[in-house]
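Protein chains in written order, with this note's numbering: chain Y, 1 to 132; chain W, 133 to 630; chain P, 631 to 762.
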């Protein structure tokens, strides 16, 4: 598909959508949002680029295979769970830095992991389908 | 609090993540995968010894007290299942090393394989019904991927009914969950046990119980919901189908045992009465279906169904002896059935086919393979002193004890029919000379990667058969825990009582 | 309200099952989508409907100021949606691939154990023609 309107709009909207997804990921622990929703939003951004420019552009832009995103996300989520275990508490116990804040903590890392897994999975499917 | 419970789940997922990150390095991926299964087996052994020494282990994940958070619980039944998961996972991973063609090894196979193992461990360990649903889905996703990896046409043909019927089962499960939550306001199984003790809407609970029975029944392949199983289990690779045959239907049986001992204990006359009838029908249809088949793995698939009938029989009779029989049967069956699928792969390597009409001469050319088939096959059929004999003996004894003579007669008859099927495979594939249309006169070298797991599993079958006493004791302890769930409930809710 | 939702989800289950019984893979797919949405609605209804605020705690407080809705059924539905989404994506890909490989979306045609070879060459030639 080679529509000038779509391509121009994608350049603008695609970037905005990605920023929105990061924002949703950040606020997810206390307000509506979270890793899964953020990943879906990000995936729509990538889908837009796939439609406008083709799957090759996305693959080159990503630089790494989407499978690596899944692997890294899985590892990050589990790592977030392990932090609690190092402190002699059950797996996945939330740990915060500093302990009174509610901004930076293991839930954010867990959510980021979820974000990467979901984004990686959707991109795997999307790119595979577009290329076939 | 014991973080030991998380390792059998964590290690497979860690291995899956690592093998995804090693996407371009197949050799390393393979090594990590094998290390991962051995690590998981070790984690299962550690947890197993902890439970046999100190009793039920509980972990409140995220430090949220039960029933608000998710509890992981390991009792004797769970750890027995976990041990078998570890053993079969290791065996299948080694067999897969010998089986996979190079182009497959590099792809997502290992990640999916380990996600499946992690999902199985999670399902056996969780003490929360909704969490059980999540683990079922994890297993389902992984099994979908494994079912179609290789992308042969026959695999798609098998995968479509498998996927649709399993999705339907999970939706039924989810609907049951929703209604159960609406009725009781909790999904923690120990908490549910307490709530249901004093619940008034017994009729509604029984209706929900049947939703669960249908959902798990589809997974377990019980009558009349088994038709998807023989249509799909013979299509994927050998190692994968062995793992499926050993584990996946048995997760359904495990879920049935768990829910119909711990949760739905309010109206046993109805629920377990229906189960008893279903168990009898499952045994008979499975074995009759097998008698009509003529392909190695298809016969074995139908036998899974009839064997599931035996396990349900023990649950339905609901006496300590019967439950002991069920647990013993589960352990025996998972190992034996997976081994038979692996042996069928050895047969296919030699004869180039799974069609019994075109197989033959295996005994003469490969006596070792013949022995390796003989042990699990006749254990399955219930020949003394192999493991299947004790399992069947316990169940038949239990049904005689409560004077269910018809069921006992069915169990004996189905055992005899199983002998018929196993003898059929034996005569066709091993005993008779190679038919002129068949191939395989040329010597196929034994592959160590394939032979080793088959030998080890056959050894385990022999050990369980000849030294049945320790396994019997473990099964007996597991059965007693199931009959008296108060211990389980206290272990989960006791310390962190809100 | 519960009664209305119960009737709606009941009809959706009926519709879903009806579509599932079809021989057409696309209809089966739609049937499962409908069924999974019906089940989500069942969770929502069975969890109890209340006229309250969402379960969010304002900044600076540690308990909600007013009565809030039960968050658990919502969490259950969200999880079910996530899982349902993943399964449906997989199913979509599976059906698409089996259509490519088997050349039909009719389940009866698919399960017919047609000879493997000639059909396979049919599709490959068809694809070559389409590609050239």
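Don't be surprised by glycine CBs; every beta carbon is placed ideally from N, CA and C.
Check                                                                                                                                           : Outcome
Check whether residue 357 of chain W and residue 369 of chain W have beta carbons under 8 angstroms apart                                       : no
Separation of residue 623 of chain W from residue 109 of chain Y, as counted between CA atoms                                                   : 31 angstroms
DSSP bridge partner residues for residue 96 of chain Y (one or two, in chain order)                                                             : Y:105
CB contact check: residue 732 of chain P to chain W, cutoff 8 angstroms                                                                         : yes
Cβ of residue 592 of chain W within 8 angstroms of any chain Y Cβ                                                                               : no
Classification of residue 382 of chain W by the beta-carbon crowding that lies within 10 angstroms, buried from 16 upward                       : buried
Same chain only: Cβ atoms within 7 angstroms of residue 673 of chain P, ignoring 5 sequence neighbours per side                                 : 703, 706, 707, 710
Sequence-distant residues of the same chain with beta carbon closer than 6 angstroms to residue 697 of chain P, five excluded per side          : 682
C-beta contact flag for residue 448 of chain W and residue 494 of chain W at 8 angstroms                                                        : no
Where residue 289 of chain W falls, given that 16 or more other Cβ within 10 Å makes a residue buried                                           : buried
Residue 426 of chain W in three-state terms, based on DSSP                                                                                      : coil
Span of the beta strand (DSSP E) around residue 653 of chain P                                                                                  : From DSSP, residue 653 of chain P is part of no beta strand (DSSP E); its letter is neither H nor E.
Residue 666 of chain P, DSSP secondary structure in three states                                                                                : helix
Spatial distance of residue 209 of chain W from residue 116 of chain Y (CA atoms)                                                               : 36 angstroms
C-beta contact flag for residue 508 of chain W and residue 227 of chain W at 8 angstroms                                                        : no
The region 304–335 of chain W: positions lying closer than 7 angstroms to chain P by Cβ                                                         : 306, 307, 310, 311, 313, 314
Under 7 angstroms from the C-beta of residue 271 of chain W: neighbouring residues of chain P                                                   : Ordered by position in chain P, no residue passes the 7 angstroms Cβ test against residue 271 of chain W, which lies about 12 angstroms from the chain.
Segments of 4+ residues assigned as alpha helix (DSSP H) that fall wholly inside the region 232–288 of chain W                                  : 234–237, 241–257, 261–280
Test: residue 50 of chain Y CB closer than 8 angstroms to a CB of chain P                                                                       : no
Candidates W:143, W:151, W:198: closest to residue 175 of chain W by CA position                                                                : W:143
Contacts that residue 54 of chain Y makes with chain W (C-beta to C-beta distance below 7 angstroms)                                            : The premise fails here: residue 54 of chain Y is roughly 23 angstroms from chain W at the closest Cβ pair, so nothing lies under 7 angstroms.
Whole-number beta carbon distance between residue 540 of chain W and residue 548 of chain W, since they are thought to touch under 8 angstroms  : 13 angstroms between Cβ atoms; not a contact.
8 angstroms CB neighbourhood of residue 43 of chain Y in its chain, flanking five on each side removed                                          : 118, 119, 122, 123, 126
Neighbourhood of residue 164 of chain W by C-beta distance below 8 angstroms, restricted to the same chain and skipping five residues each side : 147, 150, 151, 154, 242
Residue 728 of chain P, enclosing alpha helix (DSSP H) - first and last residue                                                                 : 701–732
8 angstroms Cβ cutoff, residue 702 of chain P in contact with chain Y                                                                           : no
Length of the line joining the Cα atoms of residue 656 of chain P and residue 603 of chain W                                                    : 49 angstroms
CA nearest to the CA of residue 435 of chain W, picked from W:546, W:333, W:522, W:534                                                          : W:546
Neighbouring residues, chain P, relative to residue 31 of chain Y (Cβ below 8 angstroms)                                                        : 686
Residue 579 of chain W (DSSP reduced to helix, strand or coil)                                                                                  : coil
Residue-chain proximity (residue 91 of chain Y, chain W), Cβ-Cβ < 8 angstroms                                                                   : yes
Counted within 10 angstroms of its Cβ, other Cβ atoms place residue 558 of chain W as buried (16 or more) or exposed                            : buried
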